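In order, the protein sequences belong to chains D and L.
Just so you know, we're using numbering that gives the first Met the number 0 here: the first sequence kicks off at 0 and counts up by one.
Just so you know, we're using numbering that gives the first Met the number 0 here: the second sequence kicks off at 0 and counts up by one.
Structure first, then comments.
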Amino acid sequence: MTDFQTKIGSLELASPILNASGTFNPSVFSRLFSLKSHLGAIVTKTVTPNASSGNPQQRTVELPGIGMLNSIGLQGKGIIASMDIDIPQHYGCHDLPVILSISADSEVAFQRMTAYIEAHANRHYLQGLEVNVSCPNVHAGGALFGASPQWVAKAVHAVRQETTLPLWVKLTPNTTEVVAVAQASVDAGADALTAINTVLGSHIDIRRRKPSLAKVSGGYSGQGIKPIAIHHVLNIAKALPNTPIIGVGGIRRAEDVLEFLMAGATAVQVGTHCFSDPAVFVDLVQDLEAWCIAEGVHSLQELVGVALP
Amino acid sequence: MSIPSMRTEALLDEFAVRVVFNTSSPTGLFHLRLAFESGRFHQKHHHVQAGQFLMLDVQDANGFRFRRPYSLMSWNAETQEGDIIYKVVGEGSKALSHWQAGQKSVALSSLGNAFPTVAGQNPRHTILLAGGVGLAPLILWAEEGRQKGWQDDDMPTLVFGVRSQAEAQSLLPHLARLIPLDKLLLCSDDGSLGFHGHVVACLEDQTPEELDHFEHAFVCGPTPMMNACVKTAPQLLPNANVYVSLENHMPCGTRACFGCVVGQAHGGLPLKVCEAGPVFEASQLLWGEKGLDTVGFAGACDAFPVFDTTTSAEGGV
Ligand SMILES: Cc1cc2nc3c(=O)[nH]c(=O)nc-3n(C[C@H](O)[C@H](O)[C@H](O)COP(=O)(O)OP(=O)(O)OC[C@H]3O[C@@H](n4cnc5c(N)ncnc54)[C@H](O)[C@@H]3O)c2cc1C
Ligand SMILES: Cc1cc2nc3c(=O)[nH]c(=O)nc-3n(C[C@H](O)[C@H](O)[C@H](O)COP(=O)(O)O)c2cc1C
Ligand code: FES
């Protein structure tokens, strides 16, 4: 038996394999297989302070062979109704730690939302926050929080001062300053970094002679972004050797998980591939186990960062 | 009177499926028969109810594709074989059209809700309005009724609209086995089969006495056809409660992505078709000029508690 245990700061997980925010409904998947036996924790869809209807249709485009684009726009009920209904009913009932993904459009909103979570969280399952900073900052003309070290520092600080929960910051690749943003996040109190969120992209429907997405541009995800994600994981791991990294982007197979671990990630998240293969978590666990046995690897953590130059 | 649509959620699995045959008609309708082999996780038999759908893996050597949602037109629980009729409209259905007998794939099934059973009411007061491949879930509902012992007298009326006779030709024997001829209204855009015109025109051609007794209308077809049915139902089918089965694009089918949503008529957040549907009471949905309104979801958030994010944190939450 290979040891899958992993530690992300103070949080101990039975497996380094997690789902990515917004791509996984635990209520459906748990009817297929035991989540507890195949995932280390469950990450929620990003919750915003208030209800949001998301973007107009068309919200997704399939990119055959490489992945997809989405401009869903964080549809949800807002923090109050989510904490009351969705989180306990869909996420908190699988005997697994739940990481609550949050987003907001101003520092104050981040702060107040975190204070609300701190006051209302069921600590039995809610064991961490993942701060999604791929969202427009109303005080910066709508530019992404995660695009600038200064803005991200303010957002992370606002969250950190209100909670003792483990804090992960989910980085956007849509900036030239990924490592500086990573550093600023850690300086402001992040315990771990999730890399990466979707890559900006667009698609034209040549039949209609128009952009396919109603919002014109969206987030590119799936197998095509894996090299981009690996690149960022390597750079962050090199710059911040003591900060745990959760690698995400284009994972489909055990080989992809191994790549992320070797690049310096202590855990990984699987997103888009859940759509084309709902059983992906079962296969990942089996195939990783088989690979480790064949290679004489006793613990997955032996592999973390071995490829770092 | 409204009857809640049915849910049989617990019976979900990833099924190995094998192609029994996959034939095309000259007009481009395909007929695929799949044998459902064991489920991967529970190894139980496959179950389906009319209206529910499966997510079929149509991936080819080129890698990533979303699965594609399809309804079964016919289901034989004994042989565990189900039939799909489909149109080639894009890359996924094109890949499907190349499938050969014996080929294997997987399908996540069964998902979504089902058409209501008309418990306590006679199905003869239900009218089925089908456009093209939208026939599938409706005719499965009739087939289920036959299996429950519905006699000719009990059967619903079916209005089936196609582009031309060739499109419907291969389906006619199956329809005739299920629906008595006096309850089968065929219509075609080019007049080559039955009534010359679309489904709504065919309804307009009936007398009010023939239509007034219908208590339920189940509609499935292309969006413009469903839109026309929903808009004219108050006049043409004044006593019918109208249900539609939607065929939206579904990236995941598993309620994760929010890619399949439709707006609600009376406020509230957009609904995931794969979760709340695919069968809806038509009055629940936001119908625009050309069909389901997918442009804006005004007022969608009004039903939720407001979280004040403007005042300073000292004020408390
Ligand atoms: C519950 C359910 C049951 C169904 N049952 C049947 C059935 O029995 N028979 C049948 O033939 N079909 C059925 N469908 C429809 C079927 O799923 C689609 O025809 C199929 O997925 C098309 O795949 P494709 O790759 O061939 O076409 P695609 O290339 O995916 O799309 C075809 C068309 O849709 C447009 N489009 C692509 N992506 C989007 C998007 N995200 N949003 C909006 N428009 C988009 C494209 O521009 C193109 O015009 C059903 C759908 C649902 C939801
Ligand atoms: C449909 C969809 C919805 C997503 N929603 C969220 C979200 O709510 N919050 C978030 O942080 N990331 C969201 N993501 C991004 C993923 O969590 C992930 O970072 C990204 O898709 C890259 O991983 P992948 O290639 O494995 O999908 C979403 C992605 C997709 C495809
Ligand atoms: S298809 Fe993804 S939520 Fe419905």
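Using N, Cα and C, we set each Cβ at its ideal position, and we do this for glycine too.
What you are looking at is a predicted structure, and each value in this text was computed from that prediction instead of being measured.
(request) To the nearest angstrom, report how far apart L62 of chain D and G220 of chain L are at their CA atoms. (result) 26 Å
(request) Check whether the Cβ of I205 of chain D lies closer than 7 Å to any heavy atom of ligand 2, and answer yes or no. (result) no
(request) Quick one: grab the DSSP three-state call for F274 of chain D. (result) helix
(message) Using beta carbons (cut-off 8 Å, strictly below), is E258 of chain D in contact with chain L?
(response) no
(message) Looking at ligand 1, does it come within less than 7 Å of T59 of chain D, judged from the CB to the closest heavy atom?
(response) yes
(message) Can you tell me whether A255 of chain L sits near ligand 3, meaning its C-beta is under 7 Å from at least one heavy atom of the ligand?
(response) yes
(message) Between L:F257, L:E80 and L:N112, which has its C-alpha nearest V243 of chain L's C-alpha?
(response) L:N112
(request) Please state whether DSSP places T156 of chain L in a helix, a strand or coil. (result) strand
(request) Compare the Cα-Cα distances from T59 of chain D to each of D:H297, D:H123, D:S220 and D:H119 and report the closest residue. (result) D:S220
(request) With DSSP collapsed to three states, give me the class of M0 of chain D. (result) coil
(request) To the nearest angstrom, report how far apart A312 of chain L and A255 of chain L are at their CA atoms. (result) Note that A312 of chain L has pLDDT 45, beneath the 50 cutoff, so the model's placement of it is unreliable and no number is given.
(message) Does the segment 261-275 of chain D come into contact with the segment 209-217 of chain D, if we say contact requires no fewer than three beta-carbon pairs (one atom in each stretch) closer than 8 Å?
(response) no
(request) Express the C-alpha separation of N121 of chain L and S216 of chain D in angstroms, rounding to a whole number. (result) 51 Å
(request) Starting from R208 of chain D, trace the beta strand (DSSP E) both ways and give me its first and last residue. (result) First-last for R208 of chain D: undefined, no H or E at that position.
(request) Determine the closest residue to R67 of chain L out of L:A76, L:C186 and L:D56, with distance taken between C-alpha atoms. (result) L:D56
(message) How far does the alpha helix (DSSP H) with F52 of chain L in it extend, from its first residue to its last?
(response) Looking at the DSSP string, F52 of chain L is not in any alpha helix (DSSP H); the run it does join, the beta strand (DSSP E), is F52 to L55.
(message) Whole angstroms are fine: how far does the CA of K76 of chain D sit from the CA of G267 of chain L?
(response) 9 Å
(request) State the Cα-Cα distance for the pair M112 of chain D and N136 of chain D, rounded to the nearest angstrom. (result) 15 Å
(request) With hydrogens ignored, establish whether the beta-carbon of N136 of chain D is closer than 7 Å to any heavy atom of ligand 1. (result) no
(message) Looking only at its chain, what residues have a beta carbon closer than 8 Å to the beta carbon of A227 of chain L, apart from the 5 residues adjacent to it on each side?
(response) H197, V198 and V199
(request) Taking 8 Å as the cut-off, decide whether the C-beta atoms of L348 of chain D and S102 of chain D are in contact. (result) Nothing can be reported for residue 348 of chain D, as the shown portion of chain D is limited to 0 through 308.
(message) For chain D, check one thing: does any of its Cβ atoms lie closer than 8 Å to the Cβ of V47 of chain L?
(response) no
(request) Drop a sphere of 10 angstroms on the beta-carbon of V260 of chain L, count the other beta-carbons inside from all chains shown, and report buried for 16 or more, exposed for fewer. (result) buried
(request) Taking V371 of chain L as the query, report the chain D residues whose CB atoms sit under 7 Å from its CB, ordered along the chain. (result) No statement about residue 371 of chain L is possible, as the shown extent of chain L runs from 0 to 316 and does not include it.
(message) I need the straight-line Cα distance from L302 of chain D to A15 of chain L, nearest angstrom please.
(response) 35 Å
(message) Quick check on M249 of chain L: does DSSP put it in helix, strand or coil?
(response) coil
(message) Looking only at its chain, what residues have a beta carbon closer than 8 Å to the beta carbon of F194 of chain L, apart from the 5 residues adjacent to it on each side?
(response) L184, L185, C186, S187, A200, C201 and D204
(request) Reducing DSSP to helix, strand and coil, say where T231 of chain L ends up. (result) helix
(request) Please determine if the segment 230-240 of chain D and the segment 32-51 of chain D are in contact, where contact requires at least 3 C-beta pairs separated by less than 8 Å. (result) no
(message) Given the structure, does I86 of chain D come close to ligand 1, in the sense that its CB is under 7 Å from one of the ligand's heavy atoms?
(response) no
(request) For M0 of chain L, decide whether its Cβ has a neighbour in chain D, counting only Cβ atoms nearer than 8 Å. (result) Confidence is the limiting factor: at M0 of chain L the pLDDT is only 43, short of 50, which leaves the residue's position unreliable, though a coordinate-based value still follows. Not an interface residue.
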